[in-house]
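Enquirer: Sharing a structure, written as structure tokens. Questions coming.
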Amino acid sequence: MEKPQAHVQQWKKDLVSQISTELPKYTTVAIINLENLPSRESQIIRSKIKNDIKLIITRKRLIRLALETCGKTKLKQLGDHLKGMPAIILTNKNAFELFRILKENMTSAPAKTGQIAPEDIWVKEGPTPFAPGPIIGDLGAANIVAGIDGGKVVVKKDSLVVKEGEPIPAAAASILTRLDIKPMKVGLNLVVAVEEGQLFERKVLNIDMDEYTQNLKNAILDARKLALGANILNAETAVIKVQEAHMDAKKLAMGAEILCDETKEYLIKKAEAQANALESKVPAVIDTPKKETKPETEEIQESQSETSETEVKSEESEKAPTNVEAKADDNPKGEQ
């Protein structure tokens, strides 16, 4: 006797058919978990990201059927990751960009007993606001290594409280709240994504974009240095190698004092500097007034004039005694 077939409502068939038809149209299909997401926050987040993604929320069984009937092998694997209150996200953005968008629109919330840890929950080493007392036992119950230092309770080393995917115990939820640690992320919690046939789990997508960007820049710089050192010419090194060759040629021309457009300014400045240095080492010449030189004819005339004057004076001196004698003769003898 054949078993009677269960009656499936037509709207369910239509919905599964519609979803399975939509799935192959997008490059990225992701499964998210809406568990513990308040309705108000859900509406706010969905309004913010509606231009970037398409969100499909329906029953878990219908989602599984749509994944199995869409004709894509990789998408069928998403059926193994339906957790909590699953939903489907469709987008043409890559999986990493999708995760970044969802992460930016999540808010932190305190942990509640029984909630599933979205990631490893740690309490870092350092001081606490608590005075010594029963709190030390409470910390120990939550696998937190604690002690007393300077009259305060301190966490002696980084302590793993709850592992990713495990339910949060009551002791851990209580102490995390008292330490003001909010490990829960309220939002569209991405579980897994498939991009063009490649499956990415949450832990792979959850990367620090700043760190990733810096690592990528460092890798590019290291590769460029290696190519330059090995004299490999490509789009990244050609300009630099040409500049290096130009500088080497310019240095050679300046060293050999070859005058050209590239070296003339340098060589002129160099010559000027050498001239200034030489000038500083040579003692300054003191300017002295020059004797006025007279023409040779004037000197001869002056010499002759001086000679004539000397002769005249000599003649006069010779005549002078004779006159005296003459005067003496004119006087009669015996006159006094």
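Heads up: the sequence shown begins at 141 in the numbering used here, then just goes up one per residue.
All residues carry an ideal CB built from backbone N, CA and C; glycine is no exception.
1) Candidates Tyr166, Val331, Lys390: which alpha carbon is nearest Asp192's?
2) Among Ile261, Ile241, Glu244, whose alpha-carbon lies nearest the alpha-carbon of Pro508?
3) Hey, quick one: how far does the alpha helix (DSSP H) through Glu384 stretch, first residue to last?
4) Measure the beta-carbon distance from Asp320 to Lys264 and round it to whole angstroms, keeping in mind my assumption that it falls under 8 Å.
5) Are the CB atoms of Lys223 and Asn176 within a distance shorter than 7 Å?
6) Around the C-beta of Ile426, are 16 or more other C-beta atoms found within 10 angstroms, so that it is buried, or is it exposed?
7) Express the C-alpha separation of Gly290 and Leu215 in angstroms, rounding to a whole number.
8) DSSP beta-bridge partners for Trp262?
9) List the endpoints of the continuous alpha helix (DSSP H) containing Val156.
10) Ignore the nearest five residues each way along the sequence and tell me which others in Asn245's own chain have a CB closer than 8 Å to its CB.
11) Going by DSSP, name the residue or residues bridged to Ser248.
12) Look up Ile196 in the DSSP assignment and say whether it is helix, strand or coil.
13) Please say whether Ala282 and Val301 have beta carbons closer to each other than 7 Å?
14) Gly305 bridges to which residues according to DSSP?
15) Quick one: which unbroken alpha helix (DSSP H) runs of 4-plus residues sit fully inside the region 332 to 386? Chain order, please.
16) With respect to the alpha helix (DSSP H) encompassing Ala257, which residues constitute its N-terminal and C-terminal limits?
17) Using a Cβ cut-off of 7 Å (strictly closer), state whether Glu181 contacts chain B.
18) Distance check for Lys421 and Glu384, CA to CA, integer angstroms please.
19) Mapping the DSSP letters down to three states, classify Lys292 as helix, strand or coil.
20) Just how far apart, CA to CA, sit Ala363 and Met349?
21) With DSSP as the reference, label Ala311 as helix, strand or coil.
22) Tell me Ile203's beta-bridge partners as DSSP assigns them.
23) Out of Asp388, Gln158, Asp220, Thr213, point me to the one whose CA is closest to Thr198's CA.
24) Compute the Euclidean distance between the alpha carbons of Ala359 and Lys200, then round it to the nearest angstrom.
25) Since Pro272 and Ile288 are thought to touch, with beta carbons under 8 Å apart, how far apart are those beta carbons, to the nearest angstrom?
26) Would Ile380 be called buried (16 or more neighbouring beta carbons within 10 Å of its own) or exposed?
27) Suppose the cutoff is 6 Å on Cβ atoms and the five residues either side in sequence are ignored; what does the same chain contact list for Glu304 look like?
28) Going by C-alpha to C-alpha distance, which of Ile276, Val344, Val293, Asn234 sits closest to Ala311?
29) Put Asn416 into one of helix, strand or coil per three-state DSSP.
Expert: The short version:
1) Restricting attention to Tyr166, Val331, Lys390, the CA atom closest to the CA of Asp192 is found in Tyr166.
2) No answer is possible for residue 508: it lies beyond the span of the chain, which begins at 141 and ends at 476.
3) For Glu384, the enclosing alpha helix (DSSP H) stretches over residues 378 to 395.
4) That pair is no contact at about 13 Å.
5) Taking 7 Å as the Cβ cut-off, Asn176 and Lys223 do not qualify as a contacting pair.
6) Only weak support exists for where Ile426 lies, its pLDDT of 49 falling under 50; the value from the coordinates is given anyway. Exposed, by the Cβ-count rule.
7) 57 Å
8) Leu300
9) That run of the alpha helix (DSSP H) goes 150 to 162.
10) Ile185, Lys188, Ile189, Gly327, Leu328
11) Lys325
12) strand
13) yes
14) Paired residues: none, contrary to the question.
15) Counting only runs of 4 or more, we get 342 to 345, 349 to 369.
16) Premise fails: Ala257 is in no alpha helix (DSSP H) and is neither H nor E.
17) Considering every chain present, this structure includes no chain B. It has just one protein chain.
18) 39 Å
19) Residue state, collapsed to three classes: strand.
20) 21 Å
21) helix
22) DSSP lists no partner for Ile203.
23) Gln158
24) Distance between the alpha carbons of Ala359 and Lys200 is about 43 Å.
25) 5 Å
26) exposed
27) Ala257, Glu259, Asp260
28) Measuring from the Cα of Ala311, the nearest candidate turns out to be Ile276.
29) helix
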